[in-house]
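J.: The structure under discussion is supplied below as structure tokens; questions concerning it will follow.
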Amino acid sequence: MTDIWLYTLVSVAAVSLVSLIGILALGIKQELLQRILFYLISFSAGALLGDVFIHILPELMEGESALQNGGYVLAGIVLFFVLERVLLWHHSHTSHEEKVHSMVYLTIVGDALHNLLDGVAIAAAFLASVPVGVATAGAIIFHEVPQEIGQFAILVHGGWSRKKALLYNFFSALTAIVGAVAALLFSRRFTEAPTVLLGLGAASFIYIAMSDLIPELQKESHMHRSVLQLIWMIAGIGVMASLLLLE
């Protein structure tokens, strides 16, 4: 159990440090940055889906509780849909100036909750097995890079200084550690907790990929860029598949 704590905390610390990557985007020209994000979003979509279908779901589908565990994943997808609807409903009932102001704080709150769930997912994955934990942590880091760059841009656009945006971004990322520790402690009291949390982690990855990343990729209308998207998505899946060698 000591090893699981060590692996988990090192992984969530690495995820939290990714929040500082936004500062690197400041020295990159906008055109080059958009090109980099184009590839990273495609890659992270493949990595998230690859982790779910290659590592997490096979782990959940073992044994006699496969149907019940599948229910946890479905319940998680519904839960994330409801949470997103609530946030969007609040955002749509404000004036333009309030929208800009609330967008900044909703971005921070939403990212804090997202990172909290990332921490839970990483802990649950390591409780399942070390290879699943490594794959999950890797998939989250691949996804966090373009997300943190985009979020940093939103905060600066909303009127925050670069220093303040970077600081708040980092603080919101630290909730991953809170989520991981809570999940590990919770699993000691309830034997079913790791399975439930792993199911919610899978649901989170599926929901992010299918409702956020892939719709963004579908906006591309040029054939050659669409082919590049597919190649990078397959590359993300391939990286997750290669981690099977650790098992």
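When you line the sequence shown up against my numbering, it's residues 2 to 248, in that order. Just so it is clear, CB atoms sit at the ideal spot from N, CA and C, and this is done for glycine as well.
#1: By the DSSP assignment, the alpha helix (DSSP H) with W233 in it spans what residues?
#2: Taking the beta carbon of H223 as the centre, do at least 16 other beta carbons fall within 10 Å, making it buried, or is it exposed?
#3: For the structure I just gave you, are there three or more beta carbon pairs, one from the segment 182 to 195 and one from the segment 163 to 171, closer than 8 Å?
#4: Alpha helix (DSSP H) containing I37: first to last residue?
#5: Decide yes or no for the touch test of the segment 175 to 184 against the segment 120 to 137: beta carbon pairs closer than 8 Å, at least 3 of them.
#6: Considering just the uninterrupted stretch of the alpha helix (DSSP H) at A210, what are its terminal residues?
#7: Going by Cα to Cα distance, which pick from S12, L7, A140 and A14 is closest to V240?
#8: What is the DSSP secondary structure of V11, reduced to helix, strand or coil?
#9: Buried or exposed for E99, please, with buried defined as at least 16 other CB atoms from any protein chain shown within 10 angstroms of its CB.
#10: For F171, report the span of its alpha helix (DSSP H) as first-last.
#11: May I ask you to verify whether the segment 15 to 26 touches the segment 192 to 209, counting CB pairs closer than 8 Å and requiring at least 3?
#12: In three-state DSSP terms, what is T108?
#13: Return the CA-CA distance between L214 and Q152, expressed in angstroms with no decimal places.
#14: Measure from the alpha carbon of L84 to the alpha carbon of each residue in G159, I57 and I209, then state which is nearest.
T.: On the basis of the data shown:
#1: Residue 233 sits at position 232 when you count from the first residue of the sequence shown. Here the alpha helix (DSSP H) through W233 covers M224 to S243.
#2: If you number the sequence shown from 1, residue 223 lands on position 222. With fewer than 16 Cβ atoms within 10 Å of its Cβ, H223 is classed as exposed.
#3: no
#4: As a first step, residue 37 must be located in the sequence shown, where it is residue number 36. DSSP places I37 inside the alpha helix (DSSP H), whose first and last residues are Q31 to G51.
#5: yes
#6: Start at 1 with the first residue of the sequence shown, and residue 210 comes out as number 209. Taken as a continuous stretch (DSSP letters only), A210 belongs to no alpha helix (DSSP H), as it is neither H nor E.
#7: For this step, residue 240 is matched to residue 239 along the sequence shown. For the residues S12, L7, A140 and A14, the minimum Cα distance to V240 belongs to A140.
#8: Reading the sequence shown from its first residue, position 10 is the one you call residue 11. Correct three-state label for V11: helix.
#9: Mapped onto the sequence shown, residue 99 falls at position 98. Bear in mind that a pLDDT of 47 at E99, under 50, signals an unreliable position, so the number given afterwards is only what the model happens to contain. Label assigned to E99: exposed.
#10: The residue labelled residue 171 in the question sits at position 170 within the sequence shown. Where F171 is concerned, the enclosing alpha helix (DSSP H) stretches over R163 to A174.
#11: no
#12: Numbered from 1 along the sequence shown, position 107 holds the residue referred to as residue 108. When secondary structure is reduced to three states using DSSP, T108 falls in the helix class.
#13: Looking up residue 214 in the sequence shown gives position 213. Looking up residue 152 in the sequence shown gives position 151. Using only the alpha carbons, I get a separation of about 14 Å.
#14: In the sequence shown, counting from the first residue as 1, residue 84 sits at position 83. Of the candidates G159, I57 and I209, the one whose C-alpha sits nearest the C-alpha of L84 is I209.
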